[in-house]
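K.L.:
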């Protein structure tokens, strides 16, 4: 042990140690100067759920990355759109989604992000257009079809909602989000037996869903809300099952 410590001490005292430290500092300085936008975005991603969750600091580092270069990095404006959506700044979310699509038209997830913001602003036709683009670009996702179906339902077209969900229904037979929406749409066009099956499938899916799995469907949201969100989903499905019973009793 003494020999090892003595060897380390001699190396530390060596002139090469000075050169090594200077070289290392120069490499770090070069990286910070030339890749500061990438470094800042990486830190922002880490603070936006990859390592921990602090949306304010994530936004700070994304803004640092945004100001570091004349042209933005891929996904940077998309991440800023997500941050502002979660914070309720819907117009800013749309602006950043627009910028991401202007710079990187192939980033189809920006259509999804912008569609969500339009939906919350009650601009349902614009939202539907964006979700249709998203589903064309990335087909067979449950989330894209679920949100599109829900928008058509809000416009009063439950038949269209059913049609959209049935494009992917066989793939996501026990997905609680999709099956719950499916059940609501079926119930509202009088297909009660099919609605009951959809709600039963939704309940089974929700009952077996973990808190972590629920949170995975909402990336970027605070993990502290996951348990409450899952519980509210289960309660909503139960309420829909009870509502269906009243519909069938009136039949």
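Residue numbers (our numbering): 84 to 334. For glycine and all other residues, C-beta sits at the position ideal for the given N, C-alpha and C.
Which of helix, strand or coil does DSSP assign to residue 187?
P.N.:
coil
K.L.:
Taking Cβ positions, are residue 285 and residue 259 nearer each other than 9 Å?
P.N.:
yes
K.L.:
Taking the alpha carbon of residue 228 as the point to measure from, which residue in 245, 240 and 239 has its own alpha carbon closest?
P.N.:
245
K.L.:
Start and end of the alpha helix (DSSP H) containing residue 259?
P.N.:
Element bounds for residue 259: 259–271.
K.L.:
Could you please give me the residues that DSSP links to residue 136 through a beta bridge?
P.N.:
131
K.L.:
In angstroms with no decimal places, state the Cα-to-Cα distance between residue 109 and residue 184.
P.N.:
Any reading at residue 109 must be qualified, since the residue scores a pLDDT of 42, below 50, and its modelled position is unreliable; the value itself is stated next. Cα-Cα distance, rounded: 37 Å.
K.L.:
Are residue 120 and residue 159 touching if we call contact CB-CB under 9 Å?
P.N.:
yes
K.L.:
Helix, strand or coil for residue 237 per DSSP?
P.N.:
helix
K.L.:
Measure the CB-CB distance between residue 403 and residue 211 and report whether it falls below 9 Å.
P.N.:
Outside the shown range of the chain (84 to 334) lies residue 403, about which nothing can therefore be said.
K.L.:
Taking C-alpha atoms, which residue in 254, 139, 201 and 274 lies nearest to residue 331?
P.N.:
274
K.L.:
Pop quiz: residue 173 and residue 203 are said to be a contact at Cβ under 8 Å. What is the actual Cβ separation, rounded to whole angstroms?
P.N.:
6 Å
K.L.:
What is the DSSP secondary structure of residue 254, counted as helix, strand or coil?
P.N.:
Residue state for residue 254 is assigned as coil, using DSSP reduced to three classes.
K.L.:
Could you compute how far the alpha carbon of residue 370 sits from the alpha carbon of residue 272?
P.N.:
With the chain covering only 84 through 334, there is no way to say anything about residue 370.
K.L.:
Could you tell me whether the region 252–271 touches the region 283–298, using the rule of 3 or more Cβ pairs below 8 Å?
P.N.:
yes
K.L.:
With a threshold of 7 Å on Cβ separation, who are the neighbours of residue 333 within its own chain once the five nearest residues in sequence on each side are excluded?
P.N.:
Here the set comprises nothing.
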